[in-house]
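What follows is one structure encoded as structure tokens, with my remarks underneath.
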Amino acid sequence: MDRRGEAPDGKGPHYSIPLFARTGGHLFVRYNRTYIESAQRFSDVPRLSDAQVELLDLIDRLCNDEKMHLSMELARGDMQFISNHTTLHSRTDYEDDPDPSRRRLLLRLWLNTGFFQHFPASYQDRLEDTVAWQKNPRPPIFDVSAVQGELAH
């Protein structure tokens with residue numbers, strides 16, 4: 000996986016992680032094809048074999064099969080909570096209201112629920128990245144305080 004410029008101190012720009020792992024009765028998944036393919040830019044990363052590319056294609060086909068996914072339409076005030084480590088997810092395009100006062104407000108929030116204590120050993124690099132991000136959070140992309148009055152309605 001490519002760390003895409005977000006490597007913690009002392010860590011390289013990429014890491015190896017299995018797509019699926021099971022531990023403590025939990026199934027974990029870490030799949031982001033973009034990050035897998037962009038890691039190929041590093042000379043020390045093993046090249047994807049034809050069989051591995053075929054597997055990635057199969058995962059993509061299964062994820063996009065209407066019989067294998069759940070589509071959700073969020074309405075005003077809805078919240079969605081999912082685990083990035085047990086649920087493959089994506090977002091589809093949407094058309095926003097041309098009136099700025101009626102545009103949707105979508106905020107992403109990472110919650111640390113203690114679930115990390117159950118991480119498989121093979122996911123240790125991912126866990127270390129997450130711990131580093133908690134110690135050195137990214138600057139906010141969106142200033143929540145700027146819309147607090149709007150959210151109070």
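Be aware that the sequence shown starts at 0, since it is given in numbering that gives the first Met the number 0, and climbs by one per residue.
Glycine included, C-beta positions come from ideal geometry on N, C-alpha and C.
If distances are taken between C-alpha atoms only, which option among the options comes closest to residue i?
i: residue 73; options: 86, 42, 106, 87; result: 106
i: residue 55; options: 4, 69, 17, 80; result: 17
i: residue 13; options: 40, 75, 19; result: 40
i: residue 80; options: 32, 108, 2, 92; result: 108
i: residue 71; options: 92, 31, 53, 32; result: 92
i: residue 35; options: 1, 5, 77; result: 1
i: residue 6; options: 38, 19, 26, 32; result: 38
Could you check the C-alpha separation between residue i and residue j for me, to the nearest Å?
i: residue 24; j: residue 128; result: 24 Å
i: residue 43; j: residue 87; result: 28 Å
i: residue 15; j: residue 121; result: 9 Å
i: residue 28; j: residue 21; result: 9 Å
i: residue 125; j: residue 98; result: 40 Å
i: residue 48; j: residue 90; result: 29 Å
i: residue 75; j: residue 45; result: 46 Å
i: residue 118; j: residue 84; result: 9 Å
i: residue 53; j: residue 100; result: 46 Å
i: residue 63; j: residue 82; result: 19 Å
According to DSSP, is residue i helix, strand or coil?
i: residue 95; result: coil
i: residue 152; result: For residue 152, the predicted structure reports a pLDDT of 46, less than 50, and the residue's modelled location is therefore unreliable. A value from the coordinates is still provided. Three-state result, residue 152: coil.
i: residue 161; result: Here the chain covers residues 0 to 152 and nothing more, so residue 161 does not appear.
i: residue 102; result: coil
Buried or exposed: residue i, going by 16 or more other Cβ atoms within 10 Å of its Cβ?
i: residue 50; result: exposed
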